[in-house]
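Notes follow once the structure below has been shown.
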Amino acid sequence: MDLGLTGRVAMVAAASKGLGKACALALAQEGCRVSICSRDAETLAKAGAEISAFGEVKQVVADVASPQSLENWYQKTVEQFGHVDILVTNTGGPPVSRFLQLSDEQWLAGVESTLMNVVRLSRLVIPGMQQRKWGRIIHLTSLVAKQPIDELTISSTLRAGLSGLTKTMANQLGPDGITVNAVLMGQILTDRQSAIADVRVKEQGISYEEHFRRLAAEIPLRRLGEPREVGEVVAFLASERASYLTGVSLPVDGGLIRGTM
69 MDLGLTGRVA MVAAASKGLG KACALALAQE GCRVSICSRD AETLAKAGAE
119 ISAFGEVKQV VADVASPQSL ENWYQKTVEQ FGHVDILVTN TGGPPVSRFL
169 QLSDEQWLAG VESTLMNVVR LSRLVIPGMQ QRKWGRIIHL TSLVAKQPID
219 ELTISSTLRA GLSGLTKTMA NQLGPDGITV NAVLMGQILT DRQSAIADVR
269 VKEQGISYEE HFRRLAAEIP LRRLGEPREV GEVVAFLASE RASYLTGVSL
319 PVDGGLIRGT M
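Converting from the sequence shown to the numbering used here requires adding 68 to each position, the first position being numbered 1.
In structure tokens, the structure reads:
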């Protein structure tokens with residue numbers, strides 16, 4: 069299937085590894101010119117070299133929690149590619165802690181890194197998309213938007229808010245030919261899984277092997293997902309083939325979410 073993405077310009081946040089890199093790779097493989105950012109210049113350069121095997125890539129060191137960094141990344145992307153057609157928002161997760169262990173500072177930092185970067189990046193790209201009457205905005209979030217996890221208190225709170233923002237943006241931007249969707253990741257093999265495992269292994273007094281065995285047993289497909297499997301869904305949502313799909317918070321979770329809505 070031709071996804072119709074050849075020549076499109078995509079910005080993918082926090083794309084030096086994990087889910088962000090998987091999304092950037094999938095889009096590049098479909099013919100997109102890709103701009104990626106990360107705080108870590110070394111891992112960013114490695115990711116850029118890998119992505120460049122499939123097409124043109126722009127690398128910019130940026131902290132998604134910093135408004136100035138996001139503005140700089142956007143401006144450098146436009147300088148090289150002229151405009152932005154596709155935005156994939158993405159961040160690392162807030163602290164892995166239960167409610168009473170969290171300070172005001174941690175809550176505020178979570179809002180900045182998990183919510184406000186989405187708001188700021190979207191504001192940067194939307195005017196140009198409105199002018200061209202075409203755009204794709206895809207928010208990488210988590211299954212905790214629908215099925216909260218005790219150790220992910222801040223994330224569970226903010227990801228639910230991102231699903232509300234996704235629907236609100238879709239309603240407002242649909243007349244301009246812009247679709248807005250969210251991807252709710254399940255248990256994917258990333259560094260985030262290791263951080264969660266550290267907490268649960270300590271709390272439950274079990275081995276890492278036992279932790280991941282139990283985790284996989286809860287998933288109908290009986291395994292954790294791979295970042296590639298998320299990237300390929302994102303490429304579809306960004307494509308011409310998904311032109312009538314907007315306002316959706318789509319689980320990519322191996323069936324883990326138990327609810328029907």
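Here a beta-carbon is modelled for each residue, glycine too, at the ideal position from N, C-alpha and C.
Owing to the predicted nature of the structure, the values given are computational and were not obtained by experimental measurement.
Open item on the list: Extract the residue ranges of the beta strand (DSSP E) inside the segment 228-299, only unbroken runs of 3 or more that lie entirely within it.
Closed with: When DSSP assignments are scanned along the segment 228-299, the uninterrupted stretches of beta strand (DSSP E) that are 3 or more residues long and fall wholly within it turn out to be 246-253.
- [ ] Count the other CB atoms, across all protein chains shown, that sit within 10 Å of the CB of Gln143; report buried if there are 16 or more and exposed otherwise.
- [x] Its Cβ having fewer than 16 others within 10 Å, Gln143 is exposed.
- [ ] Specify, as a first and last residue, the run of the beta strand (DSSP E) that Thr209 falls within.
- [x] Gly203 to Ser210 is the span of the beta strand (DSSP E), which, as asked, contains Thr209.
- [ ] State the Cα-Cα distance for the pair Asn249 and Ala310, rounded to the nearest angstrom.
- [x] It is roughly 10 Å from the alpha-carbon of Asn249 to the alpha-carbon of Ala310.
Open item on the list: Taking contact to mean 3 or more Cβ pairs, one atom from each stretch, closer than 8 Å, check whether the segment 149-162 and the segment 74-83 are in contact.
Closed with: Yes, the segment 149-162 is in contact with the segment 74-83.
Open item on the list: Check this for me: beta carbons of Ile287 and Gly322, under 7 Å apart or not?
Closed with: Here Ile287 is near Gly322, since their CB atoms are less than 7 Å apart.
- [ ] Out of Lys114, Gly99 and Asp70, point me to the one whose CA is closest to Asp89's CA.
- [x] Rather than Asp, the amino acid found at residue 89 in this sequence is Lys. Here the closest residue by C-alpha is Lys114.
Open item on the list: Within 10 Å of its beta-carbon, does Asp153 have 16 or more other beta-carbons around it, so buried, or fewer, so exposed?
Closed with: The residue in question, Asp153, is buried, as its Cβ has 16 or more Cβ neighbours within 10 Å.
Open item on the list: Measuring straight from C-alpha to C-alpha, what distance separates Gln148 and Thr182?
Closed with: Using only the alpha carbons, I get a separation of about 27 Å.
TODO: Establish whether the CB of Leu283 and some CB of chain C are separated by less than 7 Å.
DONE: The chain inventory of the structure shown lacks chain C, comprising one protein chain alone.
Open item on the list: Going by beta-carbon coordinates alone, are Pro295 and Leu95 separated by less than 7 Å?
Closed with: Leu95 is positioned such that its CB atom lies no closer than 7 Å to that of Pro295.
Open item on the list: Using the three-state DSSP reduction, which class does Met79 fall into: helix, strand or coil?
Closed with: The DSSP-derived three-state label of Met79 is strand.
TODO: Kindly confirm or deny that the segment 98-107 and the segment 120-135 touch, where touching means at least three C-beta pairs closer than 8 Å.
DONE: Short answer: they touch.
Task: Run of the beta strand (DSSP E) containing Pro319, from where it starts to where it stops - done: Here the beta strand (DSSP E) through Pro319 covers Ser317 to Val320.
Open item on the list: Using 8 Å as the cut-off, can you tell me whether the segment 248-263 makes contact with the segment 312-328, which would need three or more C-beta pairs spanning the two stretches below that distance?
Closed with: Enough Cβ pairs lie closer than 8 Å, so yes.
Open item on the list: If you reduce the DSSP assignment to three classes, tell me which class Ser165 lands in.
Closed with: Ser165 falls in the strand class under three-state DSSP.
Task: Whole runs of the beta strand (DSSP E) within the segment 131-178, excluding any shorter than 3 residues - done: Listed in chain order, the complete beta strand (DSSP E) runs (minimum 3 residues) inside the segment 131-178 are 154-157.
Open item on the list: As a quick exercise: from Trp175, Leu176, Ala177 and Arg204, pick the residue whose alpha carbon is nearest that of Leu189.
Closed with: Considering only alpha carbons, the answer is Arg204.
TODO: Report yes if the CB atom of Gly123 is closer than 7 Å to the CB atom of Ala238, and no otherwise.
DONE: Ala238 sits away from Gly123, with the two beta carbons spaced by 7 Å or more.
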